[in-house]
Amino acid sequence: MFVRARQDPVLTLHEEPAEAEVVSHRLMLRAGFIKKLAGGVYSFLPMGVRALRKIEGIVREEMSRAGALEVLLPALQPSDLWERTGRWDKYGKELFRLSDRHDRPFALGPTHEEVVTDLISQTVHSYRQLPVLIYQIQTKFRDEIRPRFGLLRGREFVMKDAYSFSADEDDARRIYGIMQESYARIFRRIGLDSRMVEADSGLIGGNLSHEFMILAASGEDTVLICEKCSWAANVEKEPDALACPKCGGPVSSKTAIEVGHVFYLGHKYSVPMEAAFLDKEGKEIPFYMGCYGIGVSRLLAAALEQSHDEQGMVWPPAIAPFRVSVLTLGPGMADRPEVQEAIRTLEDLWGEDVYIDDRDLRPGIKFQDADLRGFPYQVILGERNVAQGQAEIKIRRSGERLIVTLDSLAIALSDLYESDTQD
RNA sequence: CGGGGCGUGGCGCAGCCCGGUAGCGCACCUGCUUUGGGAGCAGGGAGUCGGAGGUUCAAAUCCUCUCGCCCCGACCA
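Note that our numbering has the first sequence beginning at 650, numbered continuously upward.
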């Protein structure tokens, strides 16, 4: 079933909210995708949650392709788990802490190494059960020193986190490689220009890690990129690199948004938590671990940082909240039999991805809203075209307009989408 | 945590310096006209001026404390 504009109570704003600085934040507030509840804490409105679900969908497909199984771990975590790795103290003020009615301390999970290591240590006892690769998509909590830029740095955010458990280092590194490829594929499918860089491991730990970066002016990270070979690194990792350590070529520095991070962990968590399995000889061996994160809600904002114009959002077709918005112009247009028939063919094609703006408003407002919200395609049904059995398709990204017959509308859109999303 | 800025109908703001019945634009509601790029006219609803305390005959306005929000920095996935 398609979605009608009249079902959504959210209004777009004509004026820019004063609280927003960066473009993605401004656009999401203005277009009614999110609404702030507190600093770094946002509600996702119908448009926003749809785009979020699109990203999640792609992530799930690619995790599945990589051989990962989905789980859902608790956000509420008892402190003793965190004490076993020493992170109850080390994580500091960024960890949201609370107590239950018996004064037992808990944390709201900022990440899940402890929980998942505990889970697997209780579940996996033999090398025969390895390797294990599991992931979840879940809300994370971090009491950031300074939340900012809307979804780019929140205190509550949606993250995909995956964890691998292997019997030896070679296998752990093999999975690390699979996840690197998977991540590159995810960002490509979403329609983003991403770059993998060598990174510092920070509090998560381990001694091998790579970040996936979206180049954008508003980025909080700085990456060094070799202009000759494929080498690239976070400046935190190579603070003094004046030339490429691989080929000696010149490096340039660019600001970027971190949207993914993969870590080789080794025994960092399995040893302190005594998480081990029995090998062929019956000997107890700690798991060789890896962990792999994607900032799902941050990706939404990062996509907009990379894809917008003066009129508003320009969603990559794969993650747009709706693939097409149908604008009926003038009173009665939405009720015409030939218009309803055309909409039915779109519904057969794309179902819920069809947004019908059948509001009884002046055309200008509908055009502005459709442009602001950045649906990839607009189907414009006005008297001048419908009277001749035709419709106009506007391609948001290029501004290009096509006239097609109502009968061929679905085919034309299907072709456009295919050519816009192929790798 | 240091520095700067800001809290007044849903959004954007004025009023504060110099105390005296809370205002403008947009949005919203009703009616009529209008309908291919944010319409026009007429009418209407909506704000304990972030909160607490104080000064005063009288506080959005002056004083004290406090909470929240935004930006820069330090810090950090």
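We put the beta carbon where it would ideally sit given N, CA and C, even for glycine.
Item: Determine the direct distance from the alpha carbon of A654 to that of R1008, and round the result to whole angstroms.; Value: 7 Å
Item: Helix, strand or coil, according to DSSP, for K1015 in the structure here?; Value: helix
Item: Scan the segment 695-747 and note each continuous beta strand (DSSP E) run of 3 residues or more that stays entirely inside, going in chain order.; Value: 725-727
Item: Since E860 and A848 are thought to touch, with beta carbons under 8 Å apart, how far apart are those beta carbons, to the nearest angstrom?; Value: 4 Å
Item: Which of the three DSSP states is assigned to M922 in this structure?; Value: coil
Item: Cβ of E763 within 9 Å of Cβ of G915?; Value: no
Item: Can you look up I863 in the DSSP assignment and give me helix, strand or coil?; Value: strand
Item: Closest by CA to A866, which one among P894, T904 and D1002?; Value: T904
Item: Can you tell me which of K739, E805 and L801 puts its alpha carbon nearest to the alpha carbon of R791?; Value: E805
Item: May I have a chain-ordered list of the alpha helix (DSSP H) segments no shorter than 4 residues that lie completely inside the segment 930-958?; Value: 945-955
Item: Here's the rule I'm using: 16 or more other beta-carbon atoms within 10 Å means buried, otherwise exposed. How should S713 be labelled?; Value: exposed
Item: Can you list the beta strand (DSSP E) stretches of 3 or more residues lying completely in the segment 819-890, in chain order?; Value: 843-847, 857-864, 870-875 and 881-883
Item: Any contact of the segment 654-672 with the segment 680-690, i.e. 3+ C-beta pairs under 8 Å?; Value: yes
Item: So which of F912, S728, E987 and A1059 has the shortest CA-CA distance to D752?; Value: S728
Item: If I measure Cβ to Cβ from A669 and keep anything under 6 Å in the same chain, skipping five residues before and after, which residues do I get?; Value: R675 and L678
Item: Does the beta-carbon distance from L1062 to V920 come in below 9 Å?; Value: no
Item: For the segment 758-786, which segments carrying the alpha helix (DSSP H) assignment without a break, of at least 4 residues, lie completely within its bounds, in sequence order?; Value: 762-772
Item: Using only the alpha-carbon positions, how far apart do A756 and W731 sit?; Value: 9 Å
Item: Given a threshold of 16 other Cβ atoms within 10 Å of its Cβ, counted over all protein chains shown, does R1033 qualify as buried or as exposed?; Value: exposed
Item: Please tell me whether S770 and A924 are closer than 9 Å, where the distance is taken between their beta carbons.; Value: yes
Item: Please go through the same chain and pick out, in chain order, the residues whose beta-carbon is closer than 8 Å to the beta-carbon of L891, but skip the five residues on each side of it.; Value: V900
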